[in-house]
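In UniProt numbering, the protein residues as written are 1 to 237.
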């Protein structure tokens with residue numbers, strides 16, 4: 001990313017950082033909350049494709065103005081590099097970590113690598129269990145998880161997290177390719193304008209959602225271990 005698009009060391013840290021024991025998970029939504037403050041970051045949350053169920057960096061990683069590297073894969077690569085460059089960071093390390101954690105989550109939601117024509121499912125209006133009118137992207141961002149939490153985990157996130165991690169057996173391009181394929185195979189399957197999405201759709205989508213959450217967490221941990229493992233090693237003279 002161009003230098004002016006990063007926050008430098010003297011800038012204000014994200015609101016909420018350091019609360020609740022400083023857990024990273026508590027601040028992973030920060031990048032969504034701060035979109036108005038950093039409007040240039042909007043295109044870094046997704047990598048939409050032409051609808052061929054594949055992601056190719058040179059073709060697909062750009063914003064609406066055609067600027068290269070402005071997609072979620074570019075964001076992950078950029079902030080990984082920023083964190084590894086600990087000797088003279090151009091971007092505040094806290095900001096880099098917040099963006100990186102969020103973008104790794106985004107790239108594992110299949111519709112963040114969905115079709116350009118429908119903005120990753122945002123323009124596909126559906127009816128969730130014939131009770132709520134919403135869009136397909138929101139179903140995958142929120143509704144499937146909320147229903148699973150309520151129906152199976154007594155609204156206890158810790159229980160859901162434990163189950164997800166028990167059922168999981170680390171390049172960002174690969175993550176995007178996976179999501180693009182899942183968007184075609186699962187997210188868009190049976191979901192058209194005006195569709196009523198009920199039990200059949202929910203039970204088809206839930207295992208994918210749970211696995212992608214787990215993969216995102218495991219892969220973020222691997223990225224951070226690599227970053228801080230390398231940055232903490234003494235430099236050879």
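Each residue gets a CB set at the ideal place from its N, CA and C atoms; glycine is no exception.
Hey, how far is the Cα of residue 67 from the Cα of residue 36? As a working note, residue 67 is residue 67 in the chain shown. As a working note, residue 36 is residue 36 in the chain shown. Those two C-alpha atoms are separated by around 20 Å.
Quick one: using the 10 Å Cβ neighbour count with 16 as the cut-off for buried, is residue 219 buried or exposed? Looking up residue 219 in the chain shown gives position 219. With 16 or more neighbouring CB atoms inside 10 Å of its own CB, residue 219 falls in the buried class.
Below 8 Å on the Cβ atoms is my contact criterion, and I expect residue 125 with residue 54 to pass it. Report the Cβ-Cβ distance as a whole number of Å. Taking the chain shown and counting its residues from 1, the one referred to as residue 125 is at position 125. Taking the chain shown and counting its residues from 1, the one referred to as residue 54 is at position 54. Not quite, the Cβ-Cβ distance comes to about 26 Å (not below 8 Å), so this is no contact.
Buried or exposed, going by whether 16 or more other CB atoms sit within 10 Å of the CB of residue 146? As a first step, residue 146 must be located in the chain shown, where it is residue number 146. Label assigned to residue 146: exposed.
What is the rounded straight-line gap between the Cα of residue 75 and the Cα of residue 152? Numbered from 1 along the chain shown, position 75 holds the residue referred to as residue 75. Numbered from 1 along the chain shown, position 152 holds the residue referred to as residue 152. The straight-line gap from Cα to Cα measures roughly 34 Å.
Just how far apart, CA to CA, sit residue 113 and residue 154? The sequence position of residue 113 within the chain shown is 113, counting from 1. The sequence position of residue 154 within the chain shown is 154, counting from 1. Those two C-alpha atoms are separated by around 31 Å.
Bridge partners - residue 128, DSSP secondary structure assignment: For the purposes of this step, residue 128 is taken as residue 128 along the chain shown, with counting starting at 1. According to DSSP, residue 128 bridges with 132, 197.
Start-end ranges of the alpha helix (DSSP H) lying completely within the segment 38-113, minimum 4 residues: 57-60, 72-84, 93-107
Limits of the alpha helix (DSSP H) - the one that residue 153 falls within: As a first step, residue 153 must be located in the chain shown, where it is residue number 153. Neither: residue 153 is in no alpha helix (DSSP H) and is coded neither H nor E.
Is residue 176 near residue 73, with beta carbons less than 8 Å apart? Against the chain shown, residue 176 aligns to sequence position 176. Against the chain shown, residue 73 aligns to sequence position 73. The answer is yes: Cβ separation under 8 Å.
Inter-residue spacing [alpha-carbon to alpha-carbon] between residue 31 and residue 195: Here residue 31 corresponds to residue number 31 of the chain shown, with the count starting at 1. Here residue 195 corresponds to residue number 195 of the chain shown, with the count starting at 1. Roughly 31 Å between the two C-alpha positions.
Go ahead and pull the three-state DSSP assignment for residue 19. By one-based count along the chain shown, residue 19 stands at place 19. Bear in mind that the predicted position of residue 19 carries a pLDDT of just 45, short of 50, making it unreliable; the figure below should be weighed with that in mind. Correct three-state label for residue 19: coil.
Going by beta carbon distance, what residues of the same chain come within less than 8 Å of residue 185, once the five residues before and after it are set aside? Within the chain shown, residue 185 is the residue found at index 185, counting from 1. If we look at residue 185 and ignore the five residues flanking it on each side, its Cβ neighbours are 53.
Residue 217 versus residue 107: straight-line alpha-carbon distance, rounded: Position 217 of the chain shown, counted from the start, is the residue given in the question as residue 217. Position 107 of the chain shown, counted from the start, is the residue given in the question as residue 107. Their Cα atoms are separated by approximately 11 Å.
Secondary structure of residue 225, DSSP reduced to three states: Here residue 225 refers to the residue found at position 225 of the chain shown. Here residue 225 sits in helix by DSSP.
Can you tell which of 173, 189, 80 has the C-alpha that lies nearest to the C-alpha of residue 227? The count along the chain shown starts at 1 and reaches residue 227 at position 227. Answer by Cα proximity: 80.
Close Cβ partners of residue 128 (< 7 Å) along its chain, the five nearest in sequence each way excluded: Here residue 128 corresponds to residue number 128 of the chain shown, with the count starting at 1. Taken in chain order, the residues that qualify are 134, 139, 143, 197.
Residue 179 - containing alpha helix (DSSP H), residue span: Mapped onto the chain shown, residue 179 falls at position 179. Its alpha helix (DSSP H) spans residues 172-182.
7 Å CB neighbourhood of residue 42 in its chain, flanking five on each side removed: Residue mapping note: residue 42 aligns to position 42 of the chain shown, counting from 1. 35.
Per-residue burial, residue 33 [other beta carbons within 10 Å of its own, 16 or more giving buried]: By 1-based counting over the chain shown, the position of residue 33 is 33. With fewer than 16 other Cβ atoms within 10 Å, it is exposed.
Per DSSP, which one or two residues make a beta bridge with residue 115? Taking the chain shown and counting its residues from 1, one reaches residue 115 at position 115. The partner list for residue 115 (beta bridge, DSSP) reads 49.
7 Å CB neighbourhood of residue 190 in its chain, flanking five on each side removed: One-based indexing of the chain shown puts residue 190 at position 190. If we look at residue 190 and ignore the five residues flanking it on each side, its Cβ neighbours are 201.
Apart from the five residues just before and just after residue 120, which ones in its own chain have a Cβ nearer than 7 Å to its Cβ? Translated into positions along the chain shown, residue 120 becomes position 120. 46, 48, 111, 112, 114, 137, listed in sequence order.
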